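Since the structure comes first, as structure tokens, the remarks are kept for the end.
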Amino acid sequence: MRQKAQRRQQRIGRDDPAALAALQRAVDIAGGQVQLARKLEVTYQFVQKMLRDGVPAERVIQIEQAVGGAVTRQELRPDIYPREPSAFARSLTATPAAD
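Residues in the sequence shown are numbered consecutively from 92, following our numbering.
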């Protein structure tokens with residue numbers, strides 16, 4: 092039972108329509124569920140499951156690559172790949188002030 096709860100937490104689905112729409116765009120770009128499944132080396136039933144339940148974290152980058160970046164990881168899983176860099180990430184790239 093605990094594993095099911097963990098798997099649910101690893102996915103974002105029904106509660107994020109934008110993420111599901113992004114996955115549907117990836118399916119369309121790939122040419123359909125079967126074609127996307129072939130590119131991901133999974134069954135088309137797994138693609139159907141992702142359309143219902145959301146994309147597992149471990150498949151996000153693979154989907155992005157399968158569609159040539161036309162659908163981004165940020166669109167598929169905004170909960171783990173935010174569009175805006177965090178304040179910490181911005182501080183790492185900020186140039187130090189000149190004295």
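Using N, Cα and C, we set each Cβ at its ideal position, and we do this for glycine too.
All values derive from a computational prediction rather than experimental measurement.
Item: Complete runs of the alpha helix (DSSP H) confined to the segment 137-172 [at least 4 residues]; Value: 151-157, 164-167
Item: R129 - containing alpha helix (DSSP H), residue span; Value: 124-131
Item: Secondary structure of R174, DSSP reduced to three states; Value: coil
Item: Bounding residues of the alpha helix (DSSP H) (the contiguous stretch that carries D119); Value: 108-121
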